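K.L.:
Quick one: the structure is below, questions incoming.
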Amino acid sequence: MLALTDIALPLAAAGYSILYLLGGGGVLGAIGIFIVAGMLGK
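Quick look at the structure:
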C-alpha cells in the first residue's frame, strides 16, 4: 500500500501543474505548484 501512495502523490502533483498550464499559467508557476504539491503530500 505504501508503494501505491508513493506513486500516486507525484502524479497528483503533476496533474495540478498540467491544469494550471491549461488554464493559461506559465511554466515557472506550474513547476512551483508541482514542488509545493509534492511537499504537501510527503
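When we follow this note's numbering, the leftmost residue of the sequence shown carries the number 236, and every step to the right adds one.
From the three backbone atoms N, C-alpha and C, an ideal C-beta is built for every residue, glycine too.
For clarity, every value in this text was computed on a predicted model and none was experimentally measured.
DSSP three-state label for Gly267, please.
P.N.:
The sequence position of residue 267 within the sequence shown is 32, counting from 1. Reduced to three states, the DSSP call for Gly267 is helix.
K.L.:
If I measure Cβ to Cβ from Ala248 and keep anything under 7 Å in the same chain, skipping five residues before and after, which residues do I get?
P.N.:
By one-based count along the sequence shown, residue 248 stands at place 13. So the qualifying residues of the chain are Phe269, Ala272, Gly273 and Gly276.
K.L.:
In angstroms with no decimal places, state the Cα-to-Cα distance between Gly260 and Pro245.
P.N.:
Numbered from its first residue, the sequence shown carries residue 260 at position 25. Numbered from its first residue, the sequence shown carries residue 245 at position 10. When rounded, the distance between both Cα atoms is 20 Å.
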